[in-house]
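Working notes, beginning with the structure itself.
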Amino acid sequence: MDIIPEFQDEIFRVIVEDAPDGILLVDLAGRVVFANRQVTELFGYASEEIHGQRVEILIPENKRAMHIIHREIYQEHPETRPMGSGLDLAGRRRDGSTFPVEISLSLLSTGEGDLAVAVVRDVSRQRRGEEALRRSEERHRLLTEHAQDVIFRYRLLPTPGFEYVSAAMTRLLGYRVEEFYVDDQLIFRVVHPDDRPLLERAFTADGPRTFALRLQHRDGALRWFEQSMSPVIDAQGVTVALEGIARDVTDRRVADEERNLLLSEVERQMERERIAGDLHDETIQSIYAVGLGLHAALADPSVTKEAALEHTIEDLNSVIVELRTYMQGLSGQAVGGGLEPLAIRVEALVRGGVLPRWTLAVAPDLALDPAFERHVYLLAKELISNVQRHAHAETASLTIAREGIGSEGRLLIRITDDGVGFERDGVPPTSFGFRSMEQRVALLDGSMVVKSRPGTGTAIEIALPLTASETGTR
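Now the structure itself:
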């Protein structure tokens, strides 16, 4: 069949001969009646080597028999098959090597009979890219599935829920990942009730992106997790999902709490030792000196017993005054000497590098009465201690500054943290720390405002009139 002359013109050359894909015309007997230049370049044959040959010469040998069957079926029921129909097709070069192809088929009717038009495209580069992408995705999947941390994607729109949760969730919390897919509310039942408001705010478009909370293992045990999330924003600028990592920090939290307890115990022990040393070096030594004086007076025949006793009573009265002064100092009522500036002493309270991370702002020019300053220090110490022991916070801040001038002025002590928060009415009456602060603030005619709610952190502001600083304690 010679149909080539019908197309030997400029339009044919431009459209067919210079086409980027290989183009074949095959008759009903399966013989190639035309192959453009791209076919010869793809398969390595000269044009005359292909012309008149069965098209199966371009098919891998192990697929030729099946191709003949498919070709005959197509001839009986011809239909257009577009490129990229999802079939796994391959071509065979003249040297026997094979390469992946995509082929579109259509029927061309001529005056000498019907012809099958096959457009052949080499997709080797595309397949290599797809394979590289597949291997990359597989490596990413393996890394994700074997990661120690929980990796997740949480959908915000149109309906909230997890789109992906890594296998670490099962290891850390005992729940199968499928359970989080089918039950969108499971995560809110797993979170500690006090931390649920925090999680609900976090799973919104404008919620916090880094935070710590407690999740409950299937067996009931609580685990601490630090979470870090990034928003997924669509083309319209809408946050449609959150991708994040959750790290189990339970052991670190426990270690921090144990360290804080140990540090507190060490501090208490050091205080006991300091008091014991003070009593030994001052009071006991004074009493011992009184005893020596009494013994010497009784041994002196020139001193009457009455005079010895009177002198001893005077010495004991001095010891009593000394002891009373010391006890007042322990309760914050005595004026101490040689103390470091307040800012330095407060900074020492948060030294050590354990959570939370502190931001301190203690005004350097407060010029407070020493006794009043002692109260301020003890209040700051109790506030800091409460945060360190109970808040489970990542960050906290403490500010001590003057506000106003003269008799209208006051001293503000403000502390904030991003910890678990609490219900003010839920503080037991046996809580010595709060009771002690309230008593001390009342002693100074001050006020204390507590703002806290589970999952939202805590802010406490104490305002003390500076008139108390002028008179010390009352």
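Going left to right, the sequence shown walks through residues 763 to 1236 as our numbering numbers them.
Glycine included, each C-beta is placed from N, C-alpha and C at the ideal position.
Let me make sure I understand the geometry here. Which of the options has the alpha-carbon closest to that of residue i?
| i | options | result |
| --- | --- | --- |
| T1087 | V1016, A1133 and S1159 | A1133 |
| L1206 | P1227, S1198, R1136 and T1220 | P1227 |
| T1220 | R1202, Q1201, F1196 and F1184 | F1184 |
| D1179 | D1018, E1005 and I1146 | I1146 |
| Q978 | H829, F987, R971 and P970 | F987 |
| E1005 | Q998, A964, L1025 and A1204 | A964 |
| M1089 | T1066, A1038 and A1061 | A1038 |
| R917 | V1016, S992, S1026 and N824 | S992 |
| R1014 | I1075, E1156, V881 and E962 | E1156 |
| A1059 | A1070, G1053 and I1049 | A1070 |
| T972 | H954, R1197, R951 and A1008 | A1008 |
| Q888 | E1102, T872 and V863 | V863 |
| I830 | D850, Q910 and A791 | A791 |
| L1104 | L1025, L1122 and E834 | L1122 |
| G982 | L948, H902, G936 and D1010 | G936 |
| R799 | A781, G873 and V885 | A781 |
| A1153 | R1172, I1177 and Y1139 | I1177 |
| V795 | T906, V817 and D783 | V817 |
| S871 | R856, T1066, A894 and Q837 | Q837 |
| P844 | E834, K825 and I865 | I865 |
In terms of residue numbering, what span does the alpha helix (DSSP H) encompassing residue i cover?
| i | result |
| --- | --- |
| R833 | R826 to E838 |
| V1108 | L1104 to L1111 |
| V1140 | Going by the sequence as given, residue 1140 is Leu instead of Val. Where L1140 is concerned, the enclosing alpha helix (DSSP H) stretches over P1132 to N1148. |
| F942 | V939 to V944 |
| L935 | A930 to L935 |
| I949 | L948 to V952 |
Could you tell me the boundaries of the beta strand (DSSP E) in which residue i lies?
| i | result |
| --- | --- |
| V794 | V794 to A797 |
| R985 | L984 to I995 |
| L877 | G875 to D884 |
| T872 | T860 to T872 |
| A1008 | T1001 to D1010 |
| A1125 | Counting along the chain, A1125 falls outside any beta strand (DSSP E), and DSSP gives it neither H nor E. |
| V1065 | No beta strand (DSSP E) holds V1065; DSSP gives it neither H nor E. |
| L1117 | Here L1117 belongs to no beta strand (DSSP E), and DSSP marks it neither H nor E. |
Buried or exposed: residue i, going by 16 or more other Cβ atoms within 10 Å of its Cβ?
| i | result |
| --- | --- |
| G1098 | Caution is warranted here: a pLDDT of 48 is assigned to G1098, below 50, making its placement in the model unreliable, and the coordinate value is therefore given only provisionally. The residue in question, G1098, is exposed, as its Cβ has fewer than 16 Cβ neighbours within 10 Å. |
| D1043 | Confidence in D1043 is poor, its pLDDT being 46 and thus under 50, which makes the residue's placement unreliable; the coordinate value appears in the next sentence. Exposed, by the Cβ-count rule. |
| L1023 | exposed |
| V927 | buried |
| H1137 | buried |
| M1199 | buried |
| R976 | buried |
| N1148 | buried |
| I1224 | buried |
| Q989 | buried |
| E1118 | As written in the sequence, residue 1118 is Pro, which differs from the Glu given in the question. Classification for P1118: buried. |
| E1020 | exposed |
Where does residue i fall in DSSP's three states?
| i | result |
| --- | --- |
| V1028 | helix |
| V801 | helix |
| A781 | coil |
| P959 | helix |
| E1223 | strand |
| V1189 | coil |
| S1093 | coil |
| A808 | coil |
| L1228 | helix |
| A964 | helix |
| F1184 | coil |
| A909 | coil |
| F769 | Only weak support exists for where F769 lies, its pLDDT of 47 falling under 50; the coordinates are left without a value. |
I think residue i touches residue j, with their Cβ atoms under 8 Å apart; what is that distance to the nearest whole Å?
| i | j | result |
| --- | --- | --- |
| R915 | E925 | 5 Å |
| P959 | T1218 | 7 Å |
| S868 | V879 | 5 Å |
Kindly indicate if chain C contains any beta-carbon less than 8 Å away from that of residue i.
| i | result |
| --- | --- |
| A909 | Checking the listed chains, one finds no chain C in this structure; it contains a single protein chain. |
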